[in-house]
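**Q** Throughout, this note's numbering is defined as the position within the sequence shown, counted from one, plus 706.
Quick reminder that beta carbons are idealized off the backbone N, C-alpha and C, glycines included.
Bear in mind that the values here come from a model prediction, so they are computed numbers and not experimental data.
The structure that follows is given in the form of structure tokens.
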Amino acid sequence: MKSNLLSRQDLDFLLYEWLRVDELTKRDRFSEHSRETFDDVLDLCEQLATRYFAPHNKKSDANEPTFDGERVTVIGEVKEALDAFAEADLLGMSMDAEFGGAQLPVTVSQAGFAWFYAANIATSGYAMLTVANANLISKFGTAEQVDKFLRPMLAGRFSGTMALSETQAGSSLADILTRAEPQPDGTYRLFGSKMWISGAEHELTENIVNLVLAKIPGGPPGTKGISLFIVPKYLVNDDGSLGERNKVAIAGLNHKMGQRGITNTVLNFDGAVGYLVGEPHQGIRYMFTMMNEARLGVGMGAVALGYTGYLKSLQYARERPQGRPLTAKDPTTPQVPIIEHADVKRMLLAQKAYVEGGLGLLLYCAKLVDLQHSAESDEERDAVTLLLDILTPIGKSWPSQWCTEANSLAIQVHGGYGYTREYDVEQHYRDNRLNPIHEGTHGIQSLDLLGRKVTQRGGVSLAALGAAIAATVEAATAEGGDAAELAESLSATWQRLVDVTTAMFASGDIEAALANSVVYLEAFGHIVVAWIWLEQVVACTGRTGDFYDGKRQAARYFFRSELPKTGPQLDLLAALDRTTLEMRDAWF
């Protein structure tokens, strides 16, 4: 029976027929693997997600973690699922072999993670944060830190978090107040408080490894004075055994509208022992390694939630009889499944376009990470890094917006049943609504895109993406027919975006340009996903059958119903509209 979490056929198409990830095995980094290895991992992920993660998704939502003032309680099924994940050695899927990882391509590991996100994104969050934490320590930690903290995380004994935000600072990390005072023995003592820290208190693992941003007294002001520290829940002895409880304590739990199964905490540090990661005052640079990975993880989580909601609403539409064709005059004729109604087809087609486009985007970004890690020259590494830089804010924000919209449409397809807790789709919407905020809001991502990535090194990232789009346009044009028509539309829209971008910066009115950065992000994202769809159309060349015809139809929908939305947005950007900028507090 087909899964209602994800489509394995779509994953196989994207991985092998489009991205050709099996060709990565020709590179030294992945030479120990094969397509059989990849398929075995994907099979395992689907099986574990279905058996251990999906069954308690609704239960963990209805029975969120509790804090009695001393300890946090999480339902038992969460630990059972995470233990199964760890026992299958999935925490180290893409980790370097030297640390005990399987050294799989990130493209494959992200495809595997998608099964768990779709099944239960809250429980999966503990694993995702642990993997991202371990990856950072592997890159910047000392050999001792690797042995004490990373290896136990990969074994599933320890879990990991990232502790950035504070109540008074929010996303403005320059304003954090947590301080780290150096000690004669080379350690630090941390004082302060952190807010919105997911997975930072529980008894699911023996220990919790917090990566904490703090300022060393006397350092530079702002973000240049931020350092990064490992602050474990329990101190770890030289022989690897657990020592005394560290002075990091939970002050309370936050109660969220979605993803309720993962603890979200307020942490207090009252002289907690911390270990400096890397060099002082480099914390933001180090943490962005984890944050960028987490941003793409958030994007994939958004896709997975949108995808499972789509599949469940598709199944419902096929099974739910209601109404008759508009041409049916006899009220005694049998009702038809609602999938026969044009408006339901519209909603399903929109969902398909969003989730399959989003999945393609995130897997493409993951392959860029693999090419970056296995680059055979500095030139190749630089080229893929430029593309990854400019696509990361899109990979985080576009699915967070549009796959949440897919969840909204899934509720609409279900009608009155859709917003009842007896059906899954209302929870998927609530779970996904967190993702436009997680790891940087749309506003933050838009400033990163327009204020940094588009302009970095004289616009080379924008030019690199333009070259990639041009190559797809050329391939689609050569194919002729519908593909050539879509290619022409994409080429014209991309050129308009480039022209508008150039004019915005040439105007010298940077304040107005950045005031419209979210509009820019949305237009940019839709154009990028149109490109991803055109890539899929080209990959369908010469292939027949319902699956490929469905791909072509979804691409037509996106180009005819979605891509034209960028026209008014680009008009607004070209005008350097100052309406929002000039709005005053007193006028609200």
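Starting from D976, trace the beta strand (DSSP E) both ways and give me its first and last residue.
**A** On the sequence shown, position 270 is the one that residue 976 refers to. First-last of the beta strand (DSSP E) with D976: 970-982.
**Q** Note down, in chain order, each residue of its chain lying with its Cβ closer than 7 Å to the Cβ of Y1016, except the 5 sequence neighbours on either side.
**A** For the purposes of this step, residue 1016 is identified with residue 310 of the sequence shown, where counting begins at 1. Cβ within range, chain order: Q1057, K1058, V1061, A1112, A1116.
**Q** I'd like the span of the alpha helix (DSSP H) that includes I1326, first residue to last.
**A** Here the chain comprises residues numbered 707 to 1294, so residue 1326 is not present and cannot be evaluated.
**Q** For G946, does the count of other Cβ atoms within 10 angstroms reach 16, so buried, or fall short, so exposed?
**A** In the sequence shown, counting from the first residue as 1, residue 946 sits at position 240. Under this definition G946 is an exposed residue.
**Q** Can you name, in chain order, every residue of its own chain whose Cβ lies under 6 Å from the Cβ of E1082, other than the five neighbours on each side?
**A** Here residue 1082 corresponds to residue number 376 of the sequence shown, with the count starting at 1. Here the set comprises nothing.
**Q** Considering only residues of the stretch 746-834, which uninterrupted alpha helix (DSSP H) runs meet the minimum length of 4 residues and lie entirely inside it, listed in chain order?
**A** The stretch 746-834 contains these whole alpha helix (DSSP H) runs: 763-768, 782-793, 812-825.
**Q** Under the three-state reduction of DSSP, which class applies to M868: helix, strand or coil?
**A** Taking the first residue of the sequence shown as position 1, residue 868 is located at position 162. Reduced to three states, the DSSP call for M868 is strand.
**Q** For V954, list the residues DSSP reports as bridge partners.
**A** To locate residue 954, count along the sequence shown from 1; it is residue 248. V954 is bridged to F975.
**Q** Could you check which residue in T873, G964, G925 has the C-alpha nearest to that of N763?
**A** Position 57 of the sequence shown holds residue 763. Of the listed residues, the one whose Cα sits closest to N763 is G964.
**Q** Here's the rule: buried if 16 or more other CB atoms are within 10 angstroms of the residue's CB, otherwise exposed. What is M659?
**A** Because the chain in this structure spans residues 707 to 1294, residue 659 falls outside the shown range and cannot be described.
**Q** Should the stretch 1222-1233 be called in touch with the stretch 1146-1162, which here means at least 3 C-beta pairs below 8 Å?
**A** Touching, yes.
**Q** Starting from V1042 and walking both ways along the alpha helix (DSSP H), at which residues does that stretch end?
**A** Your numbering for residue 1042 matches position 336 in the sequence shown. First-last for V1042: undefined, no H or E at that position.
**Q** Once you ignore the five residues that flank F864 on each side, which residues in its own chain have a CB closer than 6 Å to its CB?
**A** In the sequence shown, residue 864 corresponds to position 158, counting from 1. Cβ within range, chain order: P858, T911, N913, V915.
**Q** Which residue wins for smallest C-alpha separation from V983, given the options T1039, Q851, L1097?
**A** Against the sequence shown, residue 983 aligns to sequence position 277. When only C-alpha atoms are compared, the closest one is Q851.
**Q** In the DSSP assignment, what are the bridge partners of F897?
**A** Working through the sequence shown from its first residue, we reach residue 897 at position 191. F897 is bridged to R885, D976.
**Q** Quick check on DSSP: helix, strand or coil for L948?
**A** Walking along the sequence shown from the start, residue 948 turns up at place 242. If DSSP states are grouped into helix, strand and coil, L948 belongs with the strands.
**Q** Check whether the Cβ atoms of G798 and A808 lie closer than 8 Å to each other.
**A** On the sequence shown, position 92 is the one that residue 798 refers to. On the sequence shown, position 102 is the one that residue 808 refers to. Yes.
**Q** Where does M1289 land, buried or exposed, given buried means 16+ other C-beta within 10 angstroms?
**A** Here residue 1289 refers to the residue found at position 583 of the sequence shown. Classification of M1289: exposed, given that the 10 Å Cβ count is below 16.
**Q** So, using beta-carbon positions, are E723 and A1236 closer together than 8 Å?
**A** Position 17 of the sequence shown, counting from 1, holds the residue named residue 723. Position 530 of the sequence shown, counting from 1, holds the residue named residue 1236. In this structure, A1236 does not lie closer than 8 Å to E723 by Cβ.
**Q** With DSSP as the reference, please indicate the residues paired to G933 in a beta bridge.
**A** Within the sequence shown, numbered from 1, the residue matching residue 933 stands at position 227. One point to set straight first is that residue 933 is Ser, not Gly, in the sequence displayed. According to DSSP, which records beta bridges pairwise, S933 is partnered with A920.
**Q** Which whole-angstrom value is the C-beta distance of G1012 and G931, which I expect to be below 8 Å?
**A** Residue 1012 sits at position 306 when you count from the first residue of the sequence shown. Residue 931 sits at position 225 when you count from the first residue of the sequence shown. With a Cβ gap of about 40 Å, G1012 and G931 do not count as contacting.
**Q** Smallest Cα separation from D891: which of N998, Y981, K1051, G1005?
**A** Stepping through the sequence shown from its first residue, residue 891 is reached at position 185. Residue Y981 is the option with its Cα nearest to D891.
**Q** Put I666 into one of helix, strand or coil per three-state DSSP.
**A** Residue coverage of the chain in this structure runs from 707 to 1294, which leaves residue 666 outside it and unanswerable.
**Q** Considering just the uninterrupted stretch of the alpha helix (DSSP H) at V852, what are its terminal residues?
**A** Walking along the sequence shown from the start, residue 852 turns up at place 146. Where V852 is concerned, there is no enclosing alpha helix (DSSP H), given that its DSSP letter is neither H nor E.
**Q** Indicate the three-state DSSP secondary structure (helix, strand or coil) for Y1129 in the structure shown.
**A** Along the sequence shown, one-based indexing puts residue 1129 at 423. Here Y1129 sits in coil by DSSP.
**Q** Going straight from the alpha carbon of Y758 to that of L1094, what length do you get?
**A** Position 52 of the sequence shown holds residue 758. Position 388 of the sequence shown holds residue 1094. Going from the Cα of Y758 to the Cα of L1094 covers about 33 Å.
**Q** Assuming contact is defined by CB atoms lying nearer than 8 Å, are F822 and A755 in contact in what I supplied?
**A** Position 116 of the sequence shown, counted from the first residue, corresponds to residue 822. Position 49 of the sequence shown, counted from the first residue, corresponds to residue 755. Their beta carbons are under 8 Å apart, which means F822 touches A755 by this criterion.
**Q** Identify the residues that DSSP records as bridge partners of V942: which are they?
**A** Here residue 942 refers to the residue found at position 236 of the sequence shown. Per DSSP, L948.
**Q** Output the boundary residues of the alpha helix (DSSP H) element that contains P1274.
**A** The residue labelled residue 1274 in the question sits at position 568 within the sequence shown. Residues 1272-1280.
**Q** Just to confirm before moving on: does the CB-CB distance between I781 and D1137 stay below 8 Å?
**A** The count along the sequence shown starts at 1 and reaches residue 781 at position 75. The count along the sequence shown starts at 1 and reaches residue 1137 at position 431. For I781 and D1137, no; Cβs fall outside 8 Å.
**Q** Would you list the one or two residues that DSSP bridges to I903?
**A** On the sequence shown, position 197 is the one that residue 903 refers to. The partner list for I903 (beta bridge, DSSP) reads T971.
**Q** L1054 bridges to which residues according to DSSP?
**A** The sequence position of residue 1054 within the sequence shown is 348, counting from 1. Paired residues: none, contrary to the question.
**Q** Between the C-alpha atoms of S844 and I936, what's the straight-line distance to the nearest angstrom?
**A** Taking the sequence shown and counting its residues from 1, one reaches residue 844 at position 138. Taking the sequence shown and counting its residues from 1, one reaches residue 936 at position 230. S844 and I936: Cα-Cα distance of roughly 13 Å.
**Q** Touching or not, the stretch 1242-1257 and the stretch 712-730, by the rule of three or more beta carbon pairs under 8 Å?
**A** Cβ pair count under 8 Å is three or more, so yes.
**Q** Distance, Cα to Cα, G1003 vs Q816?
**A** Here the question's residue 1003 lines up with position 297 in the sequence shown. Here the question's residue 816 lines up with position 110 in the sequence shown. In a straight line, the C-alpha of G1003 is about 8 Å away from that of Q816.
**Q** Alpha carbon to alpha carbon, how far is S709 from T1033? Give it in angstroms, no decimals.
**A** For this step, residue 1033 is matched to residue 327 along the sequence shown. For this step, residue 709 is matched to residue 3 along the sequence shown. Distance between the alpha carbons of T1033 and S709 is about 35 Å.
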